[in-house]
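Student: For the numbering used here, add 12 to where a residue sits in the first sequence, where the first one is 1.
Built from N, CA and C at the ideal position, the CB exists for glycine as well.
Computed from a predicted structure; not experimentally measured.
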Amino acid sequence: MSEDLVEDELIQQRRSKWDKWEEAFGERLPERFPVDKEISGLVGLYGNSSKEELEAKKIPARSAGRMISFRRMGKLCFAHISEGKGKIQLLFEKGVVGEEWFEKLSLLDIGDIIGVEGYLLKTRTGELSIAVEKYTPLSKCLRPLPEKWHGLQDIEQIYRQRYLDLIINGESRERFIRRVKLIEAIRGFMTARGFMEVETPMLQPIAGGAAAKPFVTHHNALNMELFLRIAPELYLKRLVVGGFHKVFEINRNFRNEGIDTRHNPEFTMMEFYEAFSSMEDFVRLTEEMLSEAAVRVLGTTDVKHGEKTISFAAPYPRISLRDEAKKALFSKGIPEEEWKDPERRSRLIQSLDLSREKARSEERFLVEAFDEFVSPSLIQPTFVTDFPLEVSPLSRKKDEKTVSRFELYIAGMEIANGFSELNDPDDQRKRFEDQAREKAGGDQEAMGYDEDYCGALEYGLPPTAGEGIGIDRVAMLLADTESIRDVLLFPLLKPRQAE
RNA sequence: GGGCCGUUAACUCAGACGGUAGAGUAUCUGCCUUUUAAGCAGAGAGUCACUGGUUCGAGUCCAGUACGGCCCA
Numbered sequence: 013m014s015e016d017l018v019e020d021e022l023i024q025q026r027r028s029k030w031d032k033w034e035e036a037f038g039e040r041l042p043e044r045f046p047v048d049k050e051i052s053g054l055v056g057l058y059g060n061s062s063k064e065e066l067e068a069k070k071i072p073a074r075s076a077g078r079m080i081s082f083r084r085m086g087k088l089c090f091a092h093i094s095e096g097k098g099k100i101q102l103l104f105e106k107g108v109v110g111e112e113w114f115e116k117l118s119l120l121d122i123g124d125i126i127g128v129e130g131y132l133l134k135t136r137t138g139e140l141s142i143a144v145e146k147y148t149p150l151s152k153c154l155r156p157l158p159e160k161w162h163g164l165q166d167i168e169q170i171y172r173q174r175y176l177d178l179i180i181n182g183e184s185r186e187r188f189i190r191r192v193k194l195i196e197a198i199r200g201f202m203t204a205r206g207f208m209e210v211e212t213p214m215l216q217p218i219a220g221g222a223a224a225k226p227f228v229t230h231h232n233a234l235n236m237e238l239f240l241r242i243a244p245e246l247y248l249k250r251l252v253v254g255g256f257h258k259v260f261e262i263n264r265n266f267r268n269e270g271i272d273t274r275h276n277p278e279f280t281m282m283e284f285y286e287a288f289s290s291m292e293d294f295v296r297l298t299e300e301m302l303s304e305a306a307v308r309v310l311g312t313t314d315v316k317h318g319e320k321t322i323s324f325a326a327p328y329p330r331i332s333l334r335d336e337a338k339k340a341l342f343s344k345g346i347p348e349e350e351w352k353d354p355e356r357r358s359r360l361i362q363s364l365d366l367s368r369e370k371a372r373s374e375e376r377f378l379v380e381a382f383d384e385f386v387s388p389s390l391i392q393p394t395f396v397t398d399f400p401l402e403v404s405p406l407s408r409k410k411d412e413k414t415v416s417r418f419e420l421y422i423a424g425m426e427i428a429n430g431f432s433e434l435n436d437p438d439d440q441r442k443r444f445e446d447q448a449r450e451k452a453g454g455d456q457e458a459m460g461y462d463e464d465y466c467g468a469l470e471y472g473l474p475p476t477a478g479e480g481i482g483i484d485r486v487a488m489l490l491a492d493t494e495s496i497r498d499v500l501l502f503p504l505l506k507p508r509q510a511e
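#1: For Gln447, I'd like the list of residues in its chain whose CB is within less than 8 Å of its CB, leaving aside the five on either flank, ordered along the chain.
#2: Given Lys87, which residues of its chain have a CB within under 8 Å of its CB, disregarding the five upstream and five downstream residues?
#3: Quick one: complete beta strand (DSSP E) runs, 3+ long, within the segment 277-303?
#4: For Glu384, which three-state DSSP category applies?
#5: Straight-line CA distance for Leu22 to Leu119?
#6: Is it true that the CB of Phe227 sits closer than 9 Å to the CB of Asn276?
#7: Does the ligand ATP have a heavy atom nearer than 8 Å to the CB of Phe385?
#8: Which class does Met488 belong to by DSSP, given the choice of helix, strand or coil?
#9: Taking only three categories from DSSP, how would you classify Tyr461?
#10: Ignore the nearest five residues each way along the sequence and tell me which others in Met202's own chain have a CB closer than 6 Å to its CB.
#11: Under 9 Å between the Cβ atoms of Ala326 and Leu302?
#12: Name the two residues that bound the continuous alpha helix (DSSP H) containing Ser3.
#13: Taking contact to mean 3 or more Cβ pairs, one atom from each stretch, closer than 8 Å, check whether the segment 35-51 and the segment 136-156 are in contact.
#14: Indicate the three-state DSSP secondary structure (helix, strand or coil) for Pro437 in the structure shown.
#15: Using the three-state DSSP reduction, which class does Ser373 fall into: helix, strand or coil?
#16: Based on Cα-Cα distance, which residue from Ile189, Asn235, Leu132 and Tyr421 lies nearest to Gly480?
#17: Tell me, which residues are paired with Ala272 by DSSP?
#18: Which class does Met202 belong to by DSSP, given the choice of helix, strand or coil?
#19: As a quick exercise: from Gly254, Glu349, Asn263 and Glu419, pick the residue whose alpha carbon is nearest that of Asp214.
#20: Taking Lys70 as the reference, which of Met79, Tyr58, Arg78 and Ser81 has the closest Cα?
#21: Between the C-alpha atoms of Ile331 and Phe395, what's the straight-line distance to the nearest angstrom?
#22: Rounded to whole angstroms, what is the Cα-Cα separation between Ala515 and Glu95?
#23: Is the segment 175-195 in contact with the segment 480-497, if contact means three or more CB pairs nearer than 8 Å?
#24: Suppose you measure from the CA of Ala428 to the CA of Gly482; what does that come to, to the nearest Å?
#25: Who does Val315 pair with in a DSSP beta bridge?
#26: Using the Cβ count rule (16 or more neighbours within 10 Å means buried), how would you classify Glu511?
#27: Counting C-beta neighbours from all protein chains within 10 Å, is the total for Trp351 16 or more, i.e. buried, or is it exposed?
#28: Going by the CB atoms, is the gap between Leu248 and Glu300 shorter than 9 Å?
#29: Take Ile218 as the anchor and find which of Leu240, Arg205, Glu209 and Trp30 has the nearest alpha-carbon.
#30: When DSSP builds the beta bridges, which residues end up paired with Cys89?
#31: Can you tell me whether DSSP reads Ile125 as helix, strand or coil?
#32: Can you name the residues that DSSP bridges to Ser141?
#33: Do you know whose CA, among Cys153, Lys32 and Leu54, lies nearest Lys116's CA?
#34: Closer than 6 Å by C-beta to Tyr63: which residues in its own chain qualify, once you throw out the five before and the five after it? Chain order, please.
#35: Run the CB neighbour count on Val315, radius 10 Å, all protein chains shown included, and call it buried at 16 or more, exposed below.
#36: For the alpha helix (DSSP H) that Leu248 lies in, which residues bound it at each end?
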């Protein structure tokens with residue numbers, strides 16, 4: 013932006029006040045300002061104390077934060093400072109801070125960061141406040157903050173200048189706090205059950221473990237093409253082969269695809285594996301994990317999401333992907349012969365407006381029909397099972413056409429994907445070969461053949477359950493938002509063009 | 001990639017039919033010792049996203065570009 017060419021009047025005013033700080037405040041411009049207690053802690057401890065009680069005890073308080081409001085009334089001033097999770101009112105009395113220092117308050121602006129020392133009291137309206145005896149300017153805010161009442165509304169600015177959003181919009185800060193609590197809760201849940209947190213490569217020579225387009229990069233010294241990982245799956249299972257039998261990783265995946273309210277090119281996933289267990293064990297683990305996480309973050313399993321209330325309380329019902337897809341098709345008056353026969357299916361795909369590419373076989377057609385007609389209606393947590401082998405190249409077979417796999421849907425979103433792991437190296441090679449054929453046939457999302465991984469399987473992977481949970485999406489549910497960008501501190505945006 | 005919508009003061013927003021820009025907050029100057037969207041009086045603040053076009057005249061109409069939002073692929 014070009015606002016620096018002719019500096020804004022408001023910024024000039026703030027600068028000229030700042031210029032006077034050295035002279036006006038002198039030694040009161042410290043390098044550090046330790047505080048006794050966070051503001052939220054003060055409010056928590058004394059917010060309910062009575063006016064009389066506080067007057068009697070004259071509890072000293074030393075606090076620091078960003079000044080977010082300032083009301084001057086003659087010989088008395090009110091302000092609020094906020095810091096992290098809390099805010100507290102300040103009361104400046106001319107008689108208490110001294111005439112000279114009271115006048116110097118005019119060198120402060122809303123947005124400045126200050127430290128204060130004084131004692132706690134309650135005002136006539138009963139608000140806990142610090143009666144300031146001494147204040148210490150700590151940092152100048154040279155740019156005016158957005159308006160206090162409406163906050164910052166400009167969505168683009170909210171994403172590009174998240175710090176402003178966080179200073180001003182309390183609900184936004186709350187959403188990110190919920191996200192942090194969610195991740196803490198899940199990490200705690202996993203470690204309490206003996207899972208070990210590990211880190212596996214972000215830069216991979218073969219982007220495996222999922223169906224997605226990868227980002228490509230290049231390593232100069234090795235002169236080789238590398239991919240940002242689309243999933244950690246194949247590395248985590250190598251660890252299980254190595255005897256780390258209960259592992260999890262909470263980290264970023266990268267997929268070179270479109271951006272919308274549910275997708276960001278980089279997103280956070282938890283993947284976890286447990287040897288000697290099956291998909292059934294993880295169905296139960298997932299229910300327990302999510303209900304516990306909801307309680308830890310919100311204090312309840314009843315989660316408000318938009319107009320709906322979602323119950324995170326276990327257990328969650330289970331449905332069959334094929335059965336539900338067929339039911340949905342029957343209810344549209346479409347009989348089974350219509351999709352069994354390739355030519356009629358082709359016409360059907362057209363009339364249902366499905367992706368020809370994605371629905372290119374009978375099994376894939378049913379998956380597409382499920383995605384299109386069934387999954388949007390899965391509001392309450394629901395496990396979907398009965399996945400076709402054709403779309404599950406890493407899952408253990410249940411029968412010739414079906415794998416032991418489930419997905420969890422909540423609010424119409426795919427939240428988790430888990431299965432009993434395929435541990436037969438010969439079968440795995442065949443599956444990779446099928447994928448390679450699909451890739452040659454034009455499917456950009458088909459999985460790359462990872463021979464090194466097959467080699468690991470030849471040393472013996474125990475029967476193992478594996479699962480991935482989309483952390484951002486769970487955060488969206490708990491933070492009651494429709495857009496993934498609201499739970500990503502810095503969602504990807506195009507840079508603004510230089511002029 | 002396609003469709004629709006948005007971009008006006010630092011922020012939040014108004015600006016019929018084309019006639020030269022308006023409010024609230026914030027800022028500045030006064031007054032004010034319990035306010036809290038404090039109040040009262042006054043003042044300053046704009047490349048109307050950008051580039052072209054139509055017109056005597058464009059924030060407004062048309063075309064294009066950029067960025068963003070929603071929906072679709």
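Tutor: According to the structure shown:
#1: Pro405, Ala458, Met459, Gly460 and Tyr461
#2: Glu105, Lys106, Gly107 and Phe114
#3: 278-287
#4: helix
#5: 14 Å
#6: no
#7: Among the ligands in the structure shown, none appear at all, so the ligand ATP cannot be discussed.
#8: helix
#9: coil
#10: Phe260
#11: yes
#12: The requested residue 3 does not occur in the structure, where the chain is confined to residues 13 to 511.
#13: yes
#14: helix
#15: coil
#16: Tyr421
#17: The identity of residue 272 in the sequence shown is Asp, whereas the question assumes Ala. Answer by DSSP bridge pairing, in chain order: His275.
#18: helix
#19: Position check: residue 214 holds Met in this sequence, whereas Asp was assumed. When each option's Cα is compared against that of Met214, the closest is Asn263.
#20: Tyr58
#21: 6 Å
#22: In the structure as shown, the chain starts at 13 and stops at 511, and residue 515 therefore has no counterpart that could be examined.
#23: yes
#24: 6 Å
#25: Ile322
#26: Its pLDDT being 41, under 50, Glu511 is placed unreliably in this model, and the value from its coordinates should be taken loosely. Exposed: under 16 other Cβ atoms inside 10 Å.
#27: buried
#28: no
#29: Leu240
#30: Arg84 and Phe104
#31: strand
#32: Gln101 and Leu133
#33: Lys32
#34: Checking the displayed sequence, the identity of residue 63 turns out to be Lys instead of Tyr. Lys134, listed in sequence order.
#35: buried
#36: Glu245 to Val253
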